[in-house]
Amino acid sequence: MNNNTNFLKGRIKSISYAFKGLWILITTEHSIISQLIIGAIMCVFGFYFNITSTEWMFQILAIGLILTAESLNTAIEAICDYIEPNFDKKIGKIKDIAAGAVTFAAITAMIIGAIIYLPKLF
């Protein structure tokens with residue numbers, strides 16, 4: 000087997016792992032499911048208010064930012080819980096920092112939403 004075949008097989012395997020992780024997130028993680036519902040509602044608003052292509056790009060980017068941050072937070076929490084299943088102040092700080100990253104993403108998304116939708120509402 001040549002290097003190109005091994006490379007291709009490796010990439011296909013990596014993609015299958017990525018989709019497996021995506022499936023786990025969207026079927027078991029309540030924070031991801033909640034954010035997907037909110038994202039879908041925002042898309043309905045986008046169609047209702049007939050937002051521009053540029054507004055769609057920012058909205059989709061904001062939705063993706065939130066889902067990415069939530070996914071990484073979930074992974075960090077899982078690692079922390081695996082390493083230390085009992086309460087530990089240092090692990091708690093790590094989890095709080097990861098949750099803070101999600102908060103940055105959420106604030107960014109809310110600002111983007113406000114810039115897009117407030118002028119259409121008022």
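0 is the number of the first residue of the sequence shown in numbering that gives the first Met the number 0; add one for each residue after it. Every residue, glycine too, gets a C-beta built ideally from N, C-alpha and C.
Limits of the alpha helix (DSSP H) - the one that Asn85 falls within: The residue given as residue 85 occupies position 86 in the sequence shown. If you look at Asn85, you'll find it isn't in any alpha helix (DSSP H); DSSP assigns it neither H nor E.
Boundaries (first-last residue) of the alpha helix (DSSP H) holding Ile37: Residue 37 sits at position 38 when you count from the first residue of the sequence shown. It spans 29-47 - the alpha helix (DSSP H) in which Ile37 sits, taken as one unbroken run.
Assumed close pair Lys94, Glu76 - CB separation to whole angstroms, cut-off 8 Å: Taking the first residue of the sequence shown as position 1, residue 94 is located at position 95. Taking the first residue of the sequence shown as position 1, residue 76 is located at position 77. Separation of the CB atoms of Lys94 and Glu76 is rounded to 6 Å, and the pair is thereby assigned contact status at 8 Å.
Within 7 Å, strictly: CB atoms of Gln34 and Ile65: Residue numbering aside, residue 34 sits at position 35 when the sequence shown is read from its first letter. Residue numbering aside, residue 65 sits at position 66 when the sequence shown is read from its first letter. Yes.
Inter-residue spacing [alpha-carbon to alpha-carbon] between Glu54 and Phe103: In the sequence shown, counting from the first residue as 1, residue 54 sits at position 55. In the sequence shown, counting from the first residue as 1, residue 103 sits at position 104. Per the coordinates, the alpha-carbon of Glu54 lies some 20 Å from the alpha-carbon of Phe103.
Residue-level contact to chain D via CB, Leu71, 7 Å cutoff: In the displayed structure, chain D is absent; only one protein chain is listed.
Ile32 to Ala39 span [Cα, whole Å]: Residue 32 sits at position 33 when you count from the first residue of the sequence shown. Residue 39 sits at position 40 when you count from the first residue of the sequence shown. Rounded to whole angstroms, Ile32 to Ala39 spans 11 Å at the Cα level.
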